[in-house]
Amino acid sequence: MSKELQKDRIPWRFMLPLVLSTMLNPLNSTMLATALITLCSSLKISVGEGAVLITSLYVTATVAQPLMGRLADIYSPRKINTIGFYLVLLASVLGIAAPNLGWLIVSRVVLGIGTSAAYPSAIALINKEYAGKNRTVPGNILGIVAVSSQVSMILGPTLGGLLSQAFGWRGILFINIPWVIAGLLLSRGIPDFPVEKANRSKCFVEMVDLVGVLLFTSFLLAMLYVLTEHHFLMFSAAGATMLFGSLIFWEWHQKQPFIDIRLLVGKPALSLVYVRTLATNYILYILLNAVPQWIQTVKHIGPARSGLIMLPMTAMAIGVGLLVSRINRPVMQNVLGVTVMLVACAGVISFKESMSVLAVTGFLLIVGIADGINMIANQSLLDREAPLEQKGVSFGLYRTAGYIGAILAGSQLKVIFHQGVTDRAFHHIGYFALISGFILLLLLIPLFILKTPSAGKGYRGAVS
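Under the working numbering, the first residue of the sequence shown carries the number 740, and numbering increases by one thereafter.
And the structure:
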């Protein structure tokens, strides 16, 4: 028993710089939420104009996550992680010195690229570290990465408010500088795992599959445009579909594709992880955004108090995530996560104005449990299915799937709440969430049918 405990002990000298790097993306995504009014007032622009600073980082990260993961697989996850730190530093200096909105947008794009390097390269580094020890990655190690992102997402709005009040809107950029310096100093002790020379035998354009990257980027931008438009545009949808078809055709015929379509087709268990992640994030984000609006509009509770009502859900998600991460059974985690998610979706339909705050808090605790389980479950299953040599791009795509789910949720929320936030509109949210929950339930079936090598001995050999 003592040997097992010794094996599962967290190597903090190795993990701390990786945790610091993975926290930068959600932190910088959410800090701006509470600093935006101050920023817009300082630059004398409208909040609508300033909102492009939020979307620019999200869109950049949606594209950059798999790209930086691909670069980590080709060159070195440690090098890409370090480059990410330097890009964040550059973006912060650019933002602090920015004289106008245009330069701030440039800063946010660079920040999106830099922070996107962290997650896929960190997961690749963790897998290579344990592969060198002939061990599988312990669940609690992956759990720390997932939970640290959750913590920074929660910390962001509070930190953004405090920094902007104390130092002005530039305070949310100043905080990155000591953060990056600490990360760079601590990461000096991380080993640089060699990459096979065969992976770097061709020119950069061929190695990265630049055409594939451009097609993927064009498709994502076209799809995001279709999803965020108020009215469905057939021409835009047709364009996005053509780009998707072109991407599939191109990647299928590449020896070193950016998105390995043949791998996704050959390993449906891996493909379904991305579908589950998209559906899970759609449900979680539509609930997490709809509930505060319902509390403030229907229950007539102020923003400060509604934030406090949401706090126990957050604490529950973090606690459950840490607990579930110690269970190295991805299938069981997924079954449990979907079951609790269905209960949460069904609970939305019971909401009404006369509902007590205590009952609302109880519901949010269930959502917190679902969030905590699912953020670990999908990540664990992906780690089981993704090949070691493609961990970077695989986990980058995982984040992209999550972003798309969140964007879908935001788009639908605008449509449903277009005429106001009411009990009836909120119930419509519940119906859509419940349908998505049942789709997640159906997606569990392949977990018991598909017996891929990665689920058994083959996986252990590949990852460990």
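Don't be surprised by glycine CBs; every beta carbon is placed ideally from N, CA and C. Nothing here was measured: the structure is a model prediction, and the numbers come from that model.
With a cut-off of 8 Å on the beta carbons, I'd call A1018 and I862 a contact; round off their distance for me.
Actually they are not in contact, since the Cβ atoms of A1018 and I862 sit about 21 Å apart, beyond 8 Å.
Find the nearest neighbour of I1025 within the set G841, T821, K1153 and N1073, judged by alpha-carbon distance.
K1153
Validate contact between the segment 772-786 and the segment 1110-1117 using beta carbons, cut 8 Å, 3 pairs:
no
Check each candidate in M946, T854, L1062 and L1023 and name the one with the smallest Cα separation from S891.
T854
Assuming D1162 is part of the alpha helix (DSSP H), what are its boundary residues?
D1162 to L1181
Buried or exposed: which applies to I920, given that a residue is buried once 16 or more other Cβ atoms fall within 10 Å of its Cβ?
exposed
From L1081, D1122 and Q904, residue whose alpha carbon lies closest to that of S781:
Q904
Distance, Cα to Cα, A977 vs W989?
18 Å
Round the Cβ separation of L796 and S768 to the nearest angstrom and send it over; I've been treating them as touching at under 8 Å.
6 Å
Using 8 Å as the threshold, is the C-beta distance between T801 and L1011 below it?
no
Just the C-alpha distance for L1104 and W1033, rounded to the nearest angstrom, thanks.
17 Å
By how many angstroms is the C-alpha of F1165 removed from the C-alpha of Y1013?
27 Å
Find out if the Cβ-Cβ distance for the pair I822, L912 is shorter than 8 Å.
no
Spatially closest choice to H970 from L1136, M1094, S1150 and Q1129, by CA coordinates
S1150
Scan the segment 834-910 and note each continuous alpha helix (DSSP H) run of 4 residues or more that stays entirely inside, going in chain order.
840-855, 857-870 and 878-906
Beta-carbon gap between G1135 and M1055 smaller than 8 Å
no
Within 10 angstroms of its Cβ, does D812 collect 16 or more other Cβ (buried), or is it exposed?
buried
T790: buried (16+ other C-beta within 10 angstroms of its C-beta) or exposed?
With the sequence shown as reference, residue 790 is identified as Ala, and Thr is not the correct amino acid for it. Label assigned to A790: exposed.
How big is the Cα-Cα spacing for N866 and L881?
10 Å
What's the C-alpha gap between R1101 and L1027?
In the sequence on display, residue 1101 carries Gly and not Arg. Distance between the alpha carbons of G1101 and L1027 is about 14 Å.
Helix or strand or just coil, what does DSSP make of P1073?
Per the sequence shown, residue 1073 should be read as Asn rather than Pro. N1073: helix per DSSP, three-state reduction.
Residues in the same chain with beta-carbon distance under 6 Å from V1132, minus the five sequence neighbours each way, listed in chain order, please.
P805, G808, R809 and D812
Pick helix, strand or coil for L1011, following the three-state DSSP scheme.
helix
Are L1121 and Y1137 close, meaning C-beta to C-beta below 8 Å?
yes
Alpha-carbon to alpha-carbon, V1096 and R1015
31 Å
Report, in whole angstroms, the separation of the C-beta atoms of V848 and T799, which I expect to be a contact under 8 Å.
5 Å
Using alpha carbons as the reference points, say which of M762, V1063 and E868 lies closest to L894.
M762
Alpha carbons only, please: which of L1002, G841 and N764 is nearest the one belonging to C779?
G841
Within 10 angstroms of its Cβ, does V827 collect 16 or more other Cβ (buried), or is it exposed?
buried
Along the alpha helix (DSSP H) that carries R809, what are the first and last residues, could you check?
V791 to I813
Between I749, F974 and L966, which has its C-alpha nearest Y1021's C-alpha?
L966
Extent of the continuous alpha helix (DSSP H) run through Y1037
One point to set straight first is that residue 1037 is Val, not Tyr, in the sequence displayed. Per DSSP, V1037 belongs to no alpha helix (DSSP H) and is neither H nor E.
Grouping DSSP H, G and I as helix and E and B as strand, with all else coil, what is R748?
coil
Would you mind stating whether L759 and W918 have Cβ atoms separated by less than 8 Å?
yes
Runs of 4 residues minimum, wholly inside the segment 1061-1118: which ones carry the alpha helix (DSSP H) assignment?
1069-1087
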